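*Asks:*
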Amino acid sequence: MAAMSPRPSARERLLEAARELFYAEGYGVSIDAVTERAGVAKPTVYAHFKSKDALIGTMLTAACDDWFTDLDAELERRAGDPARRLLAPFDLLAAHLPDPAYHGCILVNSAASFLDTEHPAHAALATHDQRMRDLFERLATEADATNPAGLARQLLVLYDGVKARGLVDNSGEAARDARTAAILLLAAARLHDATATAY
Numbered sequence: 001m002a003a004m005s006p007r008p009s010a011r012e013r014l015l016e017a018a019r020e021l022f023y024a025e026g027y028g029v030s031i032d033a034v035t036e037r038a039g040v041a042k043p044t045v046y047a048h049f050k051s052k053d054a055l056i057g058t059m060l061t062a063a064c065d066d067w068f069t070d071l072d073a074e075l076e077r078r079a080g081d082p083a084r085r086l087l088a089p090f091d092l093l094a095a096h097l098p099d100p101a102y103h104g105c106i107l108v109n110s111a112a113s114f115l116d117t118e119h120p121a122h123a124a125l126a127t128h129d130q131r132m133r134d135l136f137e138r139l140a141t142e143a144d145a146t147n148p149a150g151l152a153r154q155l156l157v158l159y160d161g162v163k164a165r166g167l168v169d170n171s172g173e174a175a176r177d178a179r180t181a182a183i184l185l186l187a188a189a190r191l192h193d194a195t196a197t198a199y
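Here UniProt numbering is used: the first residue of the sequence shown is 1, the next is one more, and so on.
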């Protein structure tokens with residue numbers, strides 16, 4: 001008989017319940033609802049998190065980490081092909097968007113809810129943005145872009161645009177269009193400074 005997987009810890013169950021409920025119903029969901037979904041007592045929340053805000057920030061950080069776990073695996077599958085590695089974030093988005101349960105990226109959805117720069121969610125969102133910028137710059141360098149930092153900024157705009165479009169169209173078409181645009185940007189960046197003004 002195969003060994004059973006250990007039950008997730010109370011902290012893990014809280015984060016998963018928070019992610020499911022906040023994503024589906026918004027941040028007005030009560031802590032009581034989260035604890036009920038997680039199957040833990042309310043004091044357990046505050047044994048792991050200082051507040052609901054802290055739970056939200058940690059949950060968003062975990063969502064970001066999950067995305068990078070998937071993305072790192074996809075990048076590994078494309079080892080040795082710098083151009084295809086650069087396109088991996090767009091291909092991964094194209095694969096995720098058609099899921100019937102998808103109604104926008106939880107990070108993008110959250111950005112409009114937490115404008116206070118002191119809120120833990122803001123730090124999680126800013127960290128995700130910087131990690132994606134750094135990743136695009138590293139991939140652009142691997143792909144021989146003449147200005148990796150400039151190309152990274154352009155690719156980040158495409159990437160964020162796809163996630164925003166996912167709120168109204170989760171067909172994956174926006175990700176495929178962004179992928180095509182990324183190919184053109186990379187081709188231009190290999191020839192000259194991709195941030196130069198042509199007109």
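In this text, a Cβ means the ideal position worked out from N, Cα and C, and glycines have one as well.
This structure is a prediction, so every number in the text was calculated from the model and none was measured.
Taking CB distances under 7 angstroms as the criterion, tell me whether ARG11 reaches chain D.
*Replies:* Of the chains in the structure shown, none is chain D; there is only one protein chain.
*Asks:* From ARG179 to PHE90, what distance separates their C-alpha atoms?
*Replies:* Locating residue 179 in the sequence shown gives position 179, where the first residue counts as 1. Locating residue 90 in the sequence shown gives position 90, where the first residue counts as 1. When rounded, the distance between both Cα atoms is 6 angstroms.
*Asks:* For GLU16, report the span of its alpha helix (DSSP H) as first-last.
*Replies:* Stepping through the sequence shown from its first residue, residue 16 is reached at position 16. Start and end: 10-25.
*Asks:* Kindly list the residues whose CB is nearer than 8 angstroms to the CB of LEU14, restricted to its own chain and excluding five residues on each side of it in sequence; keep chain order.
*Replies:* In the sequence shown, counting from the first residue as 1, residue 14 sits at position 14. Hits under 8 angstroms: VAL34, THR35, ALA38, VAL40, THR44, VAL45, HIS48, PHE49 and LEU55.
*Asks:* Using the Cα positions of THR69 and LEU186, report the straight-line distance between them to the nearest angstrom.
*Replies:* In the sequence shown, residue 69 corresponds to position 69, counting from 1. In the sequence shown, residue 186 corresponds to position 186, counting from 1. Distance between the alpha carbons of THR69 and LEU186 is about 25 angstroms.
*Asks:* Measuring straight from C-alpha to C-alpha, what distance separates LEU155 and ALA182?
*Replies:* Translated into the one-based positions of the sequence shown, residue 155 becomes position 155. Translated into the one-based positions of the sequence shown, residue 182 becomes position 182. C-alpha separation (whole angstroms): 7 angstroms.
*Asks:* When burial is assigned at 16 or more other CB atoms within 10 Å of the CB, is VAL168 buried or exposed?
*Replies:* On the sequence shown, position 168 is the one that residue 168 refers to. Burial call: exposed.
*Asks:* Going by the beta-carbon positions, is the gap between LEU97 and GLY172 smaller than 7 angstroms?
*Replies:* Position 97 of the sequence shown, counting from 1, holds the residue named residue 97. Position 172 of the sequence shown, counting from 1, holds the residue named residue 172. Cβ distance < 7 angstroms, so LEU97 and GLY172 count as in contact.
*Asks:* Suppose you measure from the CA of PRO6 to the CA of ILE106; what does that come to, to the nearest Å?
*Replies:* Here the question's residue 6 lines up with position 6 in the sequence shown. Here the question's residue 106 lines up with position 106 in the sequence shown. If I take the Cα positions, the gap works out to 27 angstroms.
*Asks:* Count the other CB atoms within 10 Å of the CB of PRO8; is the residue buried (16 or more) or exposed (fewer)?
*Replies:* Stepping through the sequence shown from its first residue, residue 8 is reached at position 8. It is exposed - the Cβ of PRO8 has fewer than 16 other Cβ atoms within 10 Å.
*Asks:* Would you be able to state if there are at least three C-beta pairs under 8 angstroms between the segment 63-83 and the segment 113-132?
*Replies:* Contact holds: three or more Cβ-Cβ distances are below 8 angstroms.
*Asks:* What residue from ARG165, ALA83 and SER51 has the CA that sits closest to PRO120's CA?
*Replies:* As a working mapping, residue 120 is identified with position 120 in the sequence shown. Answer by Cα proximity: SER51.
*Asks:* Look up LYS50 in the DSSP assignment and say whether it is helix, strand or coil.
*Replies:* Along the sequence shown, read from residue 1 onward, the residue named residue 50 stands at position 50. Three-state result, LYS50: coil.
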